[in-house]
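Asker: In my numbering, the protein residues as written are 10 to 392.
Please see the structure below; I have some questions.
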């Protein structure tokens with residue numbers, strides 16, 4: 010693996026994602042879960058400065074000591090930080106300042122990588138850094154969509170955005186026999202620590218849909234009064250629906266009696282044939298209940314995934330986000346990457362149209378709180 014080339018490609022893709030933005034787009038934080046784009050490009054730069062350059066490159070001079078406070082996300086062992094809700098209050102450093110910071114660190118990284126072979130430990134940190142930035146590339150796109158999709162003018166992000174098409178599969182549910190199966194990452198290549206260790210699970214007979222739920226199918230739920238029928242909701246989900254007056258998936262709006270959907274191309278009529286997008290776990294569970302079905306567990310999903318097409322949407326599962334047997338946190342700040350979040354969240358499997366290339370695999374475990382829906386989330390049913 011050419012580490013310098015990998016570094017260059019991952020950094021260039023982040024720049025390409027930001028290319029359609031205006032300066033004002035970089036600074037907005039409409040809600041706590043959405044970070045300003047300029048924070049993402051600063052934070053991913055801070056990662057390489059903090060974990061590679063400062064400890065391993067003797068010639069490196071820190072760009073600005075204040076940036077550790079500004080761009081640290083949640084690493085307690087690295088020091089204090091700006092709280093997440095205040096990221097949108099950072100008018101300084103400016104977008105220009107952060108781009109200068111990014112170039113400064115990039116130049117130093119290229120010099121560091123040109124010095125010769127790196128140790129195995131540094132190599133592992135670099136590969137983690139590449140995957141970390143790819144995660145933020147996906148977050149950048151989801152956050153940009155939220156920022157523009159909650160602008161009253163519904164501006165397009167890019168008219169060149171390509172939505173991948175997935176042809177529906179004819180036939181019934183895929184049947185999987187009961188038995189003992191192995192799950193978790195195995196083999197060569199990168200994985201996150203939450204995908205380890207590979208272990209055995211017992212599954213009963215189950216069936217899983219080869220297709221994701223479409224907008225047309227979900228419209229039936231809406232028109233049948235699904236958002237007003239408590240019988241299909243968890244108690245917490247029912248409270249969430251009523252407190253927030255939820256009537257439809259995120260980005261859906263009724264205009265002159267017709268459903269419109271905000272996309273990267275702007276506001277458009279809901280495409281009935283597309284896979285449903287931007288729903289919470291609460292909504293996914295309620296829809297499945299209304300259909301007399303359920304969501305798959307994450308292990309059912311992983312065992313069956315070779316038999317259907319996945320990657321259009323992150324797919325909610327019935328599984329709580331918990332550690333695998335033998336899970337152990339790495340020492341230091343890197344150990345804070347996943348383990349500290351293993352409470353109060355649901356597992357999503359698959360990938361989405363905004364997942365970075367080569368950043369998906371069957372064992373990947375994404376996770377979010379059940380009320381969140383700004384990610385590209387959908388439904389696959391099981392029984």
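Positions of the beta carbon are idealized from the N, C-alpha and C atoms, including for glycine.
Locate the alpha helix (DSSP H) running through residue 298, then write down its first and last residues.
Answerer: Taking the first residue of the chain shown as 1, we reach residue 298 at position 289. Here the alpha helix (DSSP H) through residue 298 covers 290-299.
Asker: Within its chain, find whatever has a CB closer than 6 Å to the CB of residue 392; leave out the 5 residues flanking it on each side and keep chain order.
Answerer: Translated into the one-based positions of the chain shown, residue 392 becomes position 383. Excluding residues within five positions, the ones whose Cβ falls inside 6 Å are 216 and 302.
Asker: Leaving aside the five residues before and after residue 96 along the sequence, list all residues of the same chain whose C-beta is less than 7 Å from its C-beta, in chain order.
Answerer: On the chain shown, position 87 is the one that residue 96 refers to. The residues are 38, 44, 45 and 48.
Asker: Where does residue 278 fall in DSSP's three states?
Answerer: The residue you call residue 278 lines up with position 269 of the chain shown. In the structure shown, residue 278 sits in a strand (DSSP, three-state: E or B).
Asker: Pick helix, strand or coil for residue 203, following the three-state DSSP scheme.
Answerer: Locating residue 203 in the chain shown gives position 194, where the first residue counts as 1. DSSP places residue 203 in helix when its eight states are reduced to three.
Asker: Report all residues from its chain with a CB closer than 8 Å to the CB of residue 382; omit the five preceding and five following residues, and keep chain order.
Answerer: In the chain shown, counting from the first residue as 1, residue 382 sits at position 373. Once the five neighbours on either side are set aside, the close Cβ partners of residue 382 are 258, 259, 287, 288, 289 and 292.
Asker: By the 10 Å Cβ neighbour count, where 16 or more other Cβ atoms means buried, how is residue 378 classified, buried or exposed?
Answerer: Residue 378 sits at position 369 when you count from the first residue of the chain shown. It is exposed - the Cβ of residue 378 has fewer than 16 other Cβ atoms within 10 Å.
Asker: Find out if the Cβ-Cβ distance for the pair residue 182, residue 137 is shorter than 9 Å.
Answerer: Residue mapping note: residue 182 aligns to position 173 of the chain shown, counting from 1. Residue mapping note: residue 137 aligns to position 128 of the chain shown, counting from 1. Not closer than 9 Å, so no.
Asker: Could you tell me which residues DSSP pairs with residue 271 in its beta bridges?
Answerer: As a first step, residue 271 is located in the chain shown; it is residue number 262 there, counting from the start. In DSSP, residue 271 forms a bridge with 276.
Asker: So, at 6 Å on beta carbons, what are the nonlocal neighbours of residue 380 in its own chain, with the 5 sequence-adjacent residues on each side left out?
Answerer: Counting from one through the chain shown, the residue named residue 380 turns up at place 371. If we look at residue 380 and ignore the five residues flanking it on each side, its Cβ neighbours are 249 and 289.
Asker: If I measure Cβ to Cβ from residue 331 and keep anything under 8 Å in the same chain, skipping five residues before and after, which residues do I get?
Answerer: Here residue 331 is taken as the residue at index 322 of the chain shown, counted from 1. Cβ neighbours of residue 331 beyond the five flanking positions: 351.
Asker: Could you work out which residue in 305, 335 and 349 is closest to residue 328 when comparing CA atoms only?
Answerer: Taking the chain shown and counting its residues from 1, one reaches residue 328 at position 319. For the residues 305, 335 and 349, the minimum Cα distance to residue 328 belongs to 305.
Asker: Excluding the 5 residues flanking residue 299 on each side, which residues of the same chain have their C-beta closer than 6 Å to its C-beta?
Answerer: Walking along the chain shown from the start, residue 299 turns up at place 290. Within the same chain, residue 299 has close Cβ partners 230, 235 and 241.
Asker: With respect to the alpha helix (DSSP H) encompassing residue 307, which residues constitute its N-terminal and C-terminal limits?
Answerer: Residue 307 sits at position 298 when you count from the first residue of the chain shown. Residue 307 -> alpha helix (DSSP H) spans 307-313.
Asker: If contacts are defined as beta-carbon pairs under 8 Å, then residue 79 and residue 51 qualify, I think. What distance do you get, rounded to the angstrom?
Answerer: One-based indexing of the chain shown puts residue 79 at position 70. One-based indexing of the chain shown puts residue 51 at position 42. Correct: roughly 7 Å between the Cβ atoms.
Asker: Using a 10 Å radius around the Cβ and a threshold of 16 neighbouring Cβ atoms, would you call residue 118 buried or exposed?
Answerer: Taking the first residue of the chain shown as position 1, residue 118 is located at position 109. Label assigned to residue 118: buried.
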